[in-house]
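> Here my numbering is used: the first residue of the first sequence is 10, the next is one more, and so on. Every residue gets a Cβ at the ideal spot worked out from N, C-alpha and C, and that includes glycine.
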Amino acid sequence: MTIQLFNTLSNTVEPLAPAAGQPLRIYACGPTVYDYGHIGNFRTFLQVDVLRRFLELEGVPVRHVMNITDVDDKIIRNAAAAGVPIGEYTPRYEKAFFEDLDALQVEHPEIIARATEHIPEMVELIERLAAQDLAYKTEDGSWYFRIAGFPAYGKLSKKDFSGITDGARVDVDEYDKDSARDFALWKAPRPGEYHWQTALGPGRPGWHIECSAMAMKYLGESFDLHAGGEDLMFPHHENEIAQSECATHKTFARHWFHVRFLLVEGRKMSKSEGNFYTLRDLLLKGYKASAIRFLLISVPYRQQLNFTFEGLAAETGAVERLRTFHQRLRDVKAAPGLNAALAAETDRASQSFHAALANDLNTAEARAAVFELVRAGNAAIDSGAIAAENVPLIQKLLADFDKVFAVIEDHDAEFTRFALDWAEREGRLAEAAPEVLAQRSLSDAQIDALIEERNQARKSRNFARGDAIRKELADKGILIEDSKDGVRWKRK
RNA sequence: GCACCGAUGGCGAAGUGGCUAACGCGCUGGUCUGCAAAACCAGUAUUCAUGGGUUCAAAUCCCAUUCGGUGCUCCA
Numbered sequence: 010m011t012i013q014l015f016n017t018l019s020n021t022v023e024p025l026a027p028a029a030g031q032p033l034r035i036y037a038c039g040p041t042v043y044d045y046g047h048i049g050n051f052r053t054f055l056q057v058d059v060l061r062r063f064l065e066l067e068g069v070p071v072r073h074v075m076n077i078t079d080v081d082d083k084i085i086r087n088a089a090a091a092g093v094p095i096g097e098y099t100p101r102y103e104k105a106f107f108e109d110l111d112a113l114q115v116e117h118p119e120i121i122a123r124a125t126e127h128i129p130e131m132v133e134l135i136e137r138l139a140a141q142d143l144a145y146k147t148e149d150g151s152w153y154f155r156i157a158g159f160p161a162y163g164k165l166s167k168k169d170f171s172g173i174t175d176g177a178r179v180d181v182d183e184y185d186k187d188s189a190r191d192f193a194l195w196k197a198p199r200p201g202e203y204h205w206q207t208a209l210g211p212g213r214p215g216w217h218i219e220c221s222a223m224a225m226k227y228l229g230e231s232f233d234l235h236a237g238g239e240d241l242m243f244p245h246h247e248n249e250i251a252q253s254e255c256a257t258h259k260t261f262a263r264h265w266f267h268v269r270f271l272l273v274e275g276r277k278m279s280k281s282e283g284n285f286y287t288l289r290d291l292l293l294k295g296y297k298a299s300a301i302r303f304l305l306i307s308v309p310y311r312q313q314l315n316f317t318f319e320g321l322a323a324e325t326g327a328v329e330r331l332r333t334f335h336q337r338l339r340d341v342k343a344a345p346g347l348n349a350a351l352a353a354e355t356d357r358a359s360q361s362f363h364a365a366l367a368n369d370l371n372t373a374e375a376r377a378a379v380f381e382l383v384r385a386g387n388a389a390i391d392s393g394a395i396a397a398e399n400v401p402l403i404q405k406l407l408a409d410f411d412k413v414f415a416v417i418e419d420h421d422a423e424f425t426r427f428a429l430d431w432a433e434r435e436g437r438l439a440e441a442a443p444e445v446l447a448q449r450s451l452s453d454a455q456i457d458a459l460i461e462e463r464n465q466a467r468k469s470r471n472f473a474r475g476d477a478i479r480k481e482l483a484d485k486g487i488l489i490e491d492s493k494d495g496v497r498w499k500r501k
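1) Taking C-beta to C-beta, are Thr78 and Glu219 nearer than 8 angstroms?
2) Could you check the C-alpha separation between Gly237 and Arg376 for me, to the nearest Å?
3) Unbroken alpha helix (DSSP H) runs of length 4 or more, entirely within the segment 376-440: which are they?
4) By a C-beta neighbour count over all protein chains shown, 10 Å radius and 16 as the cutoff for buried, is Asp58 buried or exposed?
5) Touching or not, the segment 385-402 and the segment 411-424, by the rule of three or more beta carbon pairs under 8 angstroms?
6) Under the three-state reduction of DSSP, which class applies to Thr174: helix, strand or coil?
7) Check this for me: beta carbons of Lys83 and Tyr43, under 8 angstroms apart or not?
8) Please report how far the alpha carbon of Leu33 lies from the alpha carbon of Asn464, in whole angstroms.
9) Whose C-beta lies closer than 6 angstroms to the C-beta of Ala415 among residues of the same chain, with five residues either side of it excluded?
10) Where His264 and Glu23 are concerned, what is the direct C-alpha to C-alpha distance, given to the nearest angstrom?
11) With Glu76 as the anchor, note down where its beta strand (DSSP E) starts and where it stops.
12) Please report the residue range of the beta strand (DSSP E) in which Leu271 lies.
13) Would you mind giving the Cβ-Cβ distance between Ala477 and Leu293, rounded to the nearest angstrom? I have them listed as a contact below 8 angstroms.
14) Under the rule that 16 or more other beta-carbon atoms within 10 Å means buried, what is Phe15, buried or exposed?
15) Can you list, in chain order, the residues of its chain whose CB lies under 6 angstroms from that of Ser361, leaving out five sequence neighbours each side?
16) Alpha carbon to alpha carbon, what distance is there between Asp81 and Ala408?
17) Is the beta carbon of Arg289 sitting closer than 8 angstroms to the one on Ala447?
18) Nearest to Phe159 by alpha carbon, out of Asp149, Glu148 and Asp142?
19) Is the separation between the beta-carbon of Arg276 and that of Gln313 shorter than 8 angstroms?
20) Could you pull the DSSP bridge partners for Asn315 from this structure?
21) Suppose only complete runs of 3+ residues qualify. What are the beta strand (DSSP E) ranges in the segment 196-252, listed by chain order?
22) So, helix, strand or coil for Arg190, using DSSP?
23) The alpha helix (DSSP H) spanning Asp109 covers which residue range?
24) In terms of residues, what are the limits of the alpha helix (DSSP H) holding Leu292?
25) I need the straight-line Cα distance from Arg384 to Ala364, nearest angstrom please.
26) Helix, strand or coil for Thr21 per DSSP?
27) Terminal residues of the continuous beta strand (DSSP E) containing Ile120?
28) On the three-state DSSP scale, how would you describe Val57?
29) Cα-Cα, which of Asp491, Tyr102, Ile250 and Leu451 is closest to Leu134?
30) Is the segment 341-359 close to the segment 395-407, with three or more CB pairs under 8 angstroms?
31) Can the beta-carbon of Met225 be found less than 8 angstroms from the beta-carbon of Ala122?
32) Which same chain residues end up closer than 7 angstroms to His335 when comparing Cβ atoms and leaving out the 5 residues on each side of it in sequence?
33) Counting along the chain, where does the beta strand (DSSP E) carrying Pro13 start and finish?
34) State yes or no: is the C-beta of Gly386 within less than 8 angstroms of the C-beta of Leu321?
35) Please report the distance separating the alpha-carbon of Arg474 from that of Leu305.
36) Tell me which residue opens and which closes the beta strand (DSSP E) that Ala37 is part of.
Shown next as C-alpha cells:
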C-alpha cells in the first residue's frame, strides 16, 4: 500500500516511497539534551515513531537517523551554572531521553548522531560553502551563511525575502554580518568558553550545520524524508536546506514532515502557565506510559492536540478495553469452524486500519476501525457466535495494530516502577501520588496471598471479609475481576 | 502589527459537497454477578463558533466577525 503523506515543501499530500532497492531514508531532528523531555517533545518523537512503525508494517525498510544536540547556548549556560564541562553535563539527559523513549515504546533510530562527534564533517561542509563565497568570516572569527547566495531561501516556510532590504529597519552591524538574515555556521568562542580548534579557527558549531552535516554523512546528499516539530520549519529547516543545497547543488530532503504543537488544558504549554509536564511528572502522578503514548498519537500529527488529564484518563480506559479484549480472545473457547460474517467484518476492519494510516497517518480513523471490531468481537464471544478459525484472524489485526500503536502489550508497571526508583534517587519521591507509592509497597506475591484469602472467605460466604480485602487492594490501586475462570487482578 | 492554521456532543476527536455526523471516555437504563468489575444491549449532537452568501444539496465551498494556536526571535 502506498503511503500518502503531506509534504510541507510542496504543500500537498504526496506518495512516500524509497528509491528502488534502498531503505527509506529518514532524518529526524532529535533533542537538545539540557533537561528532561516534556510531553510536547514526545508528541513529535511519537508521531515519527508511528510513521516508521507503519512503514515497517507495510514492509518498507527504514534507515532513520536522529541527532543529539549536545552543544548549544543552553547547554553551555547550564553546564557552566552546574560547574561541569558540557561533556559531563549532557550524558545524563541523553540517557534520560532514551529511558523516556523506552517507556513510551518508541523504537530507536538506526543511527544516533551526536553533534560533538561530527565537528570535522561540519567544518568540511562550511569549507565547501566558503569555497563558493557562500560562507564568510566576520571580524570576531565567526562564520555566517550568505543568504543572498540562495535565491530559493524561504521555499519551505513559504516566506518571501526578495523584498526585504537590509539597513533601513534592522541593525546590521551587530555581529558585522553582511545581512541581518545571515545565520551563524560557526560561532567564535567568548572568553573562557569551551571550543574546538579547527581549520576555521577556534569555536563551536552553529545550530543548523550539525543536521546538514550528519544527515548527509549517513543518508547521502539527497534523501527521502526530514522530520521535526512545526517550530523547526523556520529558521532551522530553512537554513538546513540553504546550506546543504548550496554545498551540493542537489535537493536535500525530498519530503518534509512537520508535527503540530500540542495544547495543554486548552492553553499553550509553558512553564509560566504552570502546565508544563515531563513524562516523569506524569508517571509519578500515576498515569500509565501506554495511556500517555495512546493520547499523544491518537490525534493525527497535523492536528493540534489538546492534552488534558481527563483525556489521559479516557485513554487509560481505552487501552484497558483493548487489553481486555485481547485477553478474552486468548481465553475464549470457540467451537470449530469459521464464522464467515465475522471474518468479513475482520477483513473490513483490517483494510480500514491500513487505509487510514496510509492516508497521511490518520491515526484517529485507524484506531476507530479497530475499536469497531473490538465491539463486534466481544459481542461474538458473548453470544457464542465466534468460531475457532476467527480467533487468529482477529489476533492478526490486533498484532498489526500493536506494531504501530504499541499499547496492548503491557509494560506499564515496569516503567512506573522505574520512575519511582528515579524519583527516590533524585529525592523527588514526595511528588508521587499516594496510590502509586502504595502499589510499590505491595509485591505480586502479597497481592496473590490476599486474593487467595479473599477466595477462601467468599467460598465460606463470608462476603464482608472478601469485600474488605477487595477494598483494601483497591485503595492500593489493585483492581479485582472475578470470572468463571478464576480471579484476575490488574493495576489501576 | 503582518502571515498561516484551527473551532464538530459533557470531554477528546474523525469526517472536508449528497446514505441514520465515526471512534474512545463519561453519563442513564437493562442483561450477567452474592455485591462489584469486565463484557454485551439500548439511549445519550435534527446538528458541526457566530452572522451572511454560493448550490438542487454545506460540518464540508466563499466573505465577515469572535476566540484559540503557530511563525516573524530560543523552542518538539
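On the basis of the data shown:
1) Cβ atoms of Thr78 and Glu219: closer than 8 angstroms.
2) Taking the Cα positions, Gly237 is about 24 angstroms away from Arg376.
3) The qualifying runs are 399-414 and 421-435.
4) With 16 or more other Cβ atoms within 10 Å, it is buried.
5) The segment 411-424 and the segment 385-402 do not touch, with fewer than three beta-carbon pairs separated by less than 8 angstroms.
6) At Thr174, the pLDDT of 45 sits below 50, so the modelled position is not reliable and the matter cannot be decided from this model.
7) Yes.
8) In this structure, the straight-line span from the alpha carbon of Leu33 to that of Asn464 is close to 55 angstroms.
9) The residues are Gln114.
10) Going by the C-alpha atoms only, they are around 9 angstroms apart.
11) Strictly speaking, residue 76 in this sequence is Asn, with Glu absent from that position. Asn76 -> beta strand (DSSP E) spans Val71 to Ile77.
12) Element bounds for Leu271: Leu271 to Val273.
13) About 29 angstroms separates the Cβ atoms of Ala477 and Leu293, ruling out a contact at the 8 angstroms cut-off.
14) Classification for Phe15: buried.
15) Excluding positions up to five away in sequence, the list reads Ala378.
16) Approximately 42 angstroms, taken between the alpha carbons.
17) No, Cβ-Cβ distance for Arg289 and Ala447 is not below 8 angstroms.
18) Minimum Cα distance to Phe159 is reached at Asp142.
19) No, the Cβ-Cβ distance between Arg276 and Gln313 is not below 8 angstroms.
20) DSSP lists Leu272 as partners of Asn315.
21) Every unbroken stretch of the beta strand (DSSP E) spanning 3 or more residues and falling wholly within the segment 196-252 is given here in chain order: 205-207, 210-214 and 232-238.
22) Arg190 falls in the coil class under three-state DSSP.
23) Run containing Asp109: Ile95 to Ala112, per the alpha helix (DSSP H) assignment.
24) It spans Leu288 to Leu293 - the alpha helix (DSSP H) in which Leu292 sits, taken as one unbroken run.
25) C-alpha separation (whole angstroms): 20 angstroms.
26) Looking at Thr21 - three-state DSSP - the assignment turns out to be strand.
27) Start and end: Ile120 to Arg123.
28) Correct three-state label for Val57: helix.
29) Taking only the C-alpha atoms, the option nearest Leu134 is Ile250.
30) Pairwise C-beta distances place the segment 341-359 in contact with the segment 395-407, as three or more of them are shorter than 8 angstroms.
31) No, Cβ-Cβ distance for Met225 and Ala122 is not below 8 angstroms.
32) Within the same chain, and ignoring the five residues on either side of His335 in sequence, the residues whose Cβ sits closer than 7 angstroms to its Cβ are Leu407 and Ile417.
33) First, the amino acid is wrong: residue 13 is Gln here, not Pro. Segment Ile12 to Asn16, the beta strand (DSSP E) holding Gln13.
34) The answer is no: Cβ separation not under 8 angstroms.
35) In a straight line, the C-alpha of Arg474 is about 42 angstroms away from that of Leu305.
36) Element bounds for Ala37: Leu33 to Ala37.
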